[in-house]
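All remarks here apply to the structure that follows.
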Amino acid sequence: MEIRMAWGKLNPVFKDALQMRKDVFIEEQGIDPKVELDGTDEDKMHYVGYVDDEPVTTARIDMLAGNRVKIQRVATVADQRKHGYAAELIKQIIKDAKKSDVAHVELDAQLTAMDFYKELGFEPIGEPFEEAGIQHQTVRYAGK
C-alpha cells in the first residue's frame, strides 16, 4: 500500500479522503453530513492509503494543544476491509508523530472498533460518550 498525505482541501488526496468518508460515514453509517463535514478539513493533515492507485483507507490528523496529535475520521472502503490497510495507515501516522516529537497520539474510537485499536497499542482513557449518535471512547497510544 502506498500512503500519501497532504494538508488542507486543495489536493487530490483530500478529494479521495472525502469520498471515502462520505461513503463510510454518511452513506453506510447514516451520520448527518453536517456533522461529518464539520468545516475543519482545511486545517488538517489528510492521509490516504492506495492499492494499485485506488484509495482504500483514510484518516485525518489534528494537532492539539500540549503537542498532541488526534487521529480522526478513520475509514476504509467496505470491500477493502480485513486486509490490514487501516492498521498500516495508523502505524504510519504514529511513526510520523514520533519523528515530530509528539507527546501523545489519541483518537475517539467507535466502541465497535475498540479491539482493533487495542491491538495497535492504544489504551482507553476516560468514559465512553456519544458522538454523531454512535458510542465512542477516547484512546491514547501507549506503545506496542
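Just so you know, the UniProt record's numbering puts 116 at position 116 of the sequence shown, and the rest follows in order with no gaps. Where is the CB? At the ideal position from N, CA and C, for every residue including glycine. Please read all numbers here as calculations on a predicted model, not as lab measurements.
Cβ separation of residue i and residue j, assumed to be a contact under 8 Å, to the nearest whole Å
i: L89; j: Y141; result: L89 to Y141, Cβ: 14 Å. No contact.
i: D57; j: A75; result: It should be noted that the sequence gives Thr, not Asp, for residue 57. About 7 Å separates the two Cβ atoms, so the contact holds.
i: Y85; j: M1; result: 6 Å
Selected residue, minimal CA-CA separation from residue i, among the options
i: G126; options: H104, H136, I71 and L37; result: H136
i: F129; options: G8, K95, D108 and G143; result: D108
i: residue 145; options: G8, L111, D96 and Q80; result: Residue 145 is absent from the model: the chain starts at 1 and stops at 144.
Residue i - partner residues in DSSP beta bridges
i: Q137; result: A109
i: K82; result: K82 is not bridged to any residue.
Same chain, Cβ closer than 8 Å to residue i, neighbours up to 5 away in sequence not counted
i: Q72; result: K44, A59, R60, I61, D62, L107 and D108
Contact set for residue i: own chain, Cβ-Cβ below 6 Å, skip 5 residues either direction
i: H83; result: none
i: A132; result: I31 and V35
i: V13; result: R4, A6, H46 and V48
Stretch-stretch touch, CB-based, cutoff 8 Å, three pairs: the region 112 to 119 with the region 15 to 31: no
Inter-stretch contact at 8 Å, needing at least 3 Cβ pairs: the region 62 to 70 / the region 7 to 23: no
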